[in-house]
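Novice: Quick note, the sequence shown lines up with residues 147 to 956 if you use the working numbering. Note that CB positions come from ideal geometry on N, CA and C, so glycine has one too.
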Amino acid sequence: QHYTSLVYIGKWGRDILQTIWNHHTFKIPLWDFSIGYGSDIITTLHYYVLGDPLNLLSILVPPKFTEYLYGGLILFRIYLAGISFSLYCFSMKKGKTATLFGTISYIFCGYMLFSAVRHPFFINPMIYLPLLLIGAERIFQRKSPALFIGMVSLSAISNFYFFYMLVFAVCFYVGIRFFTFPHLHPIKELFSVIGCFFCYALPGICMSAFLLLPVLMQFLGTNRTKTEQLSSSFYEPSYYLNCIFSFTSTKRIGNWTCLGFTVIALLALIFLFSSRKKYTALKVAFLIQSGMLCIPFFGKALNGFSYVSNRWCFIYSGLVSYIVATILNDRTSYFRTSAVWKKSRAQRIFTACLLLVMCFNLALNGYYLFHPNGQDYASHFVDFGKAFDTVQTTAPKAVLQKASSDDSFFRFELDDNISLNTAALFGINGTQYYWSLENHNISDYLMDLSLNRLRVFKYKNIDHRTFPNALASVKYIAQSDSNVLPYGYTKYDTVTFPQGTSYELYKNSYTLPLGYTYTSYLSQKDYRNMSPELRQEALLQGILLEDQDIETLASSYPKTKASFTSQSIDYTIKNITDIELLSDGGFEVKKAGASLTLHFSGLPKSETYLSFRGANFSAKNQIGKKFILKIASNESKNKLEYLSPYYKYYSGQKNFLVHLGYHKNPQSDITITFPKKGSYHFKDLQVICQPMKNYKEHIQKLRETSLKQEEIGTNSVKGSIQLSQDKILCLSIPYSKGWTAMVDGKKTPLFKANVMYMALPLRAGSHKIELSYHTPGLKLGVYISCVGFVIFLIILYRNRSRTLTLDSMD
């Protein structure tokens, strides 16, 4: 995600500059068909790179060398976090030595060591937090709010996810800090302070609206925010023990709880709580935040109420590091004024010893985290210097090499994880997606079809199913190790890269273009009453429309009378090992790796599926985990990935349709291998065969009248079509409210079709179609940002006028 997005945004920026230089026009690409099925560039990549000003440097760096910029920016961000924390300590009157200790604790804490290399932008909130707190202090001191407003704006522009946590951090800080000042009317003054900070934060948020508003609109529409994962009231007992022992080490705890401080931090806490009638605010803050780390609810709340994740513990790291700075500052001040402590040389030796202890502790933490003799964290990543070469040997590059002369619109499928997202770097269209914010219409569609191995924000193919592949305009498949193929795909070529990576390419004989036409429609009611295998077959025969759109079009188009050829096949269970058959049809697995075989008489020239309905798996001692069942037929193999309701990426999926490929010969056996001991229940388990006898006819009917002369430009699609009768044009473009359509120069509403695509009802005759895209919320966000900037200038002017008045009075 991170490397790919940094390379992509560099190319994106260069394209904008080249357009200005060569064509003297300013046009920002907002849509890219090579990101998933086609996605909004701003809302997809903002989370990773778009809001961070440092990433603009990628515009100056060729893709071949972007890896070095990537690594350099990690180090530079850590440095900036240190500078930022140091500035805060100095603003709070901490000495240089104390500030140094606190800063080292801050920038080499467990959170930083773990997250900096895994998610580089996770460092950014550690840069922004101390500067926000300096801004808050200036407001408390009735000085200029410019820094606070500016940092609110930058934080919101940079990343909405961490901005959410930073809002909590500032509110927490202001609440604690408020009570360290004397007050005549505490409650009244507290509300006054809250109002003051809100009024200063508002223009900062407004100034960020040009990015924040579109991203929030996308975020609120994702399926990640709609499914609630289950969580316990408390963590497992081992979690609390690990929290204690990992306070001074980088031992993995889970749930993104990263501590990893030093012995110096532990000693500072001992001094903190052994000091009576001092440091009350720090004690209260530490106890509250430590308590929050102990209760899953807070991990969930500060993660947007999606799943339990303590990514907010960078705030905790800041607090602990500030405690280190405070205690050392006060202790060294005490020693300097003590009669016992008169020799500055002895003081320097003592300080140097403490520093050596801290550095040695940090070195051990780093060694234990990264080294093969420790947690071997470094092995999780691509070797340094090989990122570019790795990308150049992925499936999209293989397809591009052999299909570069194919000027038609098409998509391709792959089966490996290393190739995810890399299609965007080559400008080739696929069906794979692995970004945090997704178009919910796509995941809704894949869920309707009970897609196997689906996460709403991560999918790499449509399980190589014949019918959905055709509807998605898939023309090529690049396989590295899978043996599951749809019907109609023939061997096209083999691509072997010098590094040894090899892909088999298959070409679809029955691909559909970007725009194909239907003569009839499916109703939502009929579609919802169908099983997944019937749904995908029905969508080849009639276009699915929303109920309100059907009311508009019902008089012009007939309702589809779908016919189905799929069959549920009876089976018997044999070769049972270490498995007990339950009365409800489920299985009690008594040994990990146990298996059973379903024996049946399959159909020739058909796809074979294994259907799980109402799945509920609960392996022993595996709450919160995912379970992968291995499933193999006579000639093909696949996997089912089941996510428990306690798993962080659970999406509510209970139905799975596992594809075992198209085969001329009938399949007769399916073997299921269970990964863990436990109970595996389902309401229904079926073997389904899908013959292909009507498939060619359905495809021919859909593509006999299609969109011609396709021209895909920046944020636009153009084409023409000649119709002998009224038809509904289906565009295999993911539905988004950002798209608008012009038919023969007249604005025409676009309908949502087949759950994830778009449709245009057209009358008989010749038509010119023009589609254009604008990021939803972008224009309004720009207007709000302009208003926010004007308010910011007014605040600065009034504050400057007030300062000048006070100076003249003096």
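Helix, strand or coil: how does DSSP classify residue 954 here?
Specialist: Numbered from its first residue, the sequence shown carries residue 954 at position 808. Only weak support exists for where residue 954 lies, its pLDDT of 44 falling under 50; the coordinates are left without a value.
Novice: Let's see if you can read the secondary structure: which residues bound the alpha helix (DSSP H) around residue 384?
Specialist: Residue 384 sits at position 238 when you count from the first residue of the sequence shown. Residue 384 -> alpha helix (DSSP H) spans 383–391.
Novice: Between which two residues does the beta strand (DSSP E) containing residue 805 stretch?
Specialist: On the sequence shown, position 659 is the one that residue 805 refers to. First-last of the beta strand (DSSP E) with residue 805: 802–809.
Novice: Relative to the alpha-carbon of residue 638, which residue among 619, 235, 544, 164 has its alpha-carbon at the smallest distance?
Specialist: Translated into the one-based positions of the sequence shown, residue 638 becomes position 492. Nearest C-alpha to residue 638: 544.
Novice: Here's the rule: buried if 16 or more other CB atoms are within 10 angstroms of the residue's CB, otherwise exposed. What is residue 423?
Specialist: Counted from its first residue, the sequence shown places residue 423 at position 277. Residue 423 comes out exposed.
Novice: Would you kindly work out how many angstroms separate the C-alpha atoms of residue 631 and residue 781, rounded to a whole number?
Specialist: In the sequence shown, the residue the question calls residue 631 occupies position 485. In the sequence shown, the residue the question calls residue 781 occupies position 635. Cα to Cα, residue 631 sits roughly 11 Å from residue 781.
Novice: With H, G and I counted as helix, E and B as strand and the rest as coil, what does DSSP make of residue 916?
Specialist: Along the sequence shown, one-based indexing puts residue 916 at 770. If DSSP states are grouped into helix, strand and coil, residue 916 belongs with the strands.
Novice: Helix or strand or just coil, what does DSSP make of residue 834?
Specialist: Within the sequence shown, the letter at position 688 stands for residue 834. Three-state result, residue 834: strand.
Novice: Using 8 Å as the Cβ pair cut-off and three pairs as the minimum, do the stretch 224–236 and the stretch 614–626 touch?
Specialist: no
Novice: With contact counted as at least three CB pairs below 8 Å, one residue from each stretch, are the stretch 921–932 and the stretch 728–740 in contact?
Specialist: no
Novice: Comparing alpha-carbon positions, which option in 805, 764, 785, 778 lies nearest residue 791?
Specialist: Along the sequence shown, one-based indexing puts residue 791 at 645. With distances taken between CA atoms, residue 791 lies nearest to 764 out of 805, 764, 785, 778.
Novice: Ends of the alpha helix (DSSP H) at residue 614?
Specialist: Looking up residue 614 in the sequence shown gives position 468. From DSSP, the alpha helix (DSSP H) with residue 614 extends over 612–617.
Novice: Entirely within the stretch 212–276 and at least 4 residues each: give me those alpha helix (DSSP H) ranges in chain order.
Specialist: Within the stretch 212–276, the complete alpha helix (DSSP H) segments at least 4 residues long are 212–237, 242–253, 256–264, listed from N- to C-terminus.
Novice: For a test of the three-state rule: what should DSSP assign to residue 967, helix, strand or coil?
Specialist: Any property of residue 967 remains undetermined from this structure, which presents the chain solely from 147 to 956.
Novice: Counting C-beta neighbours from all protein chains within 10 Å, is the total for residue 517 16 or more, i.e. buried, or is it exposed?
Specialist: Within the sequence shown, the letter at position 371 stands for residue 517. Under this definition residue 517 is an exposed residue.
Novice: Under DSSP, the alpha helix (DSSP H) around residue 167 begins and ends at which residues?
Specialist: As a first step, residue 167 must be located in the sequence shown, where it is residue number 21. From DSSP, the alpha helix (DSSP H) with residue 167 extends over 148–169.
Novice: Is it a yes or a no for the stretch 502–513 touching the stretch 390–410, going by three-plus beta-carbon pairs under 8 Å?
Specialist: yes
Novice: Within the continuous alpha helix (DSSP H) that includes residue 334, where are the two ends?
Specialist: Locating residue 334 in the sequence shown gives position 188, counting from the first residue. Run containing residue 334: 332–353, per the alpha helix (DSSP H) assignment.
Novice: From the DSSP output, which residues share a beta bridge with residue 907?
Specialist: Against the sequence shown, residue 907 aligns to sequence position 761. Residue 907 is bridged to 874.
Novice: Which residue from 594, 472, 526 puts its Cα closest to that of residue 246?
Specialist: Stepping through the sequence shown from its first residue, residue 246 is reached at position 100. When only C-alpha atoms are compared, the closest one is 472.
Novice: Just checking my contact of residue 793 with residue 375 at CB under 8 Å: how many whole Å lie between their CB atoms?
Specialist: Counting from one through the sequence shown, the residue named residue 793 turns up at place 647. Counting from one through the sequence shown, the residue named residue 375 turns up at place 229. Indeed they touch by this definition, with Cβ atoms about 7 Å apart.
Novice: Would you report the Cα separation of residue 378 and residue 441, rounded to the nearest angstrom?
Specialist: Here residue 378 corresponds to residue number 232 of the sequence shown, with the count starting at 1. Here residue 441 corresponds to residue number 295 of the sequence shown, with the count starting at 1. The straight-line gap from Cα to Cα measures roughly 9 Å.
Novice: Since I believe residue 663 is in contact with residue 915 (beta carbons under 8 Å), could you give me their beta-carbon distance rounded to a whole number of angstroms?
Specialist: Within the sequence shown, numbered from 1, the residue matching residue 915 stands at position 769. Within the sequence shown, numbered from 1, the residue matching residue 663 stands at position 517. So it is not a contact: roughly 12 Å between Cβ atoms.
Novice: For residue 538, which three-state DSSP category applies?
Specialist: Position 392 of the sequence shown, counted from the first residue, corresponds to residue 538. DSSP places residue 538 in coil when its eight states are reduced to three.
Novice: Using only CA atoms, which one of 672, 576, 548, 584 lies nearest to residue 642?
Specialist: The residue labelled residue 642 in the question sits at position 496 within the sequence shown. Closest option to residue 642, Cα to Cα, is 548.
Novice: Taking CB distances under 9 Å as the criterion, tell me whether residue 351 reaches chain B.
Specialist: The displayed structure is made up of one protein chain only, and chain B is not part of it.
Novice: So for residue 523, helix, strand or coil by DSSP?
Specialist: Taking the first residue of the sequence shown as 1, we reach residue 523 at position 377. Of the three classes helix, strand and coil, the one that applies to residue 523 here is helix, per DSSP.
Novice: Could you check whether residue 858 and residue 344 sit closer than 9 Å to each other, using their CB atoms as the reference points?
Specialist: Taking the sequence shown and counting its residues from 1, the one referred to as residue 344 is at position 198. Taking the sequence shown and counting its residues from 1, the one referred to as residue 858 is at position 712. Not closer than 9 Å, so no.
Novice: Quick check on DSSP: helix, strand or coil for residue 744?
Specialist: By one-based count along the sequence shown, residue 744 stands at place 598. If DSSP states are grouped into helix, strand and coil, residue 744 belongs with the strands.
Novice: Three or more beta-carbon pairs under 8 Å between the stretch 743–760 and the stretch 825–836, yes or no?
Specialist: yes
Novice: In chain order, what residues of the same chain lie with their CB nearer than 8 Å to the CB of residue 724, ignoring the 5 residues before and after it?
Specialist: In the sequence shown, residue 724 corresponds to position 578, counting from 1. The answer, listed in chain order, is 735, 736, 737, 740.
Novice: Quick check: the Cα distance between residue 771 and residue 927, rounded to an integer number of angstroms?
Specialist: By 1-based counting over the sequence shown, the position of residue 771 is 625. By 1-based counting over the sequence shown, the position of residue 927 is 781. Rounded to whole angstroms, residue 771 to residue 927 spans 40 Å at the Cα level.
Novice: Below 7 Å CB to CB, which residues in the same chain sit around residue 155 once its five sequence neighbours on both sides are set aside?
Specialist: Reading the sequence shown from its first residue, position 9 is the one you call residue 155. Here the set comprises 191, 195, 196, 201, 204.
Novice: If the criterion is Cβ atoms closer than 9 Å, does the pair residue 249 and residue 602 meet it?
Specialist: Stepping through the sequence shown from its first residue, residue 249 is reached at position 103. Stepping through the sequence shown from its first residue, residue 602 is reached at position 456. No.
Novice: Does the distance from the CB of residue 668 to the CB of residue 688 come in under 9 Å?
Specialist: Residue numbering aside, residue 668 sits at position 522 when the sequence shown is read from its first letter. Residue numbering aside, residue 688 sits at position 542 when the sequence shown is read from its first letter. Less than 9 Å separates the beta-carbon of residue 668 from that of residue 688.
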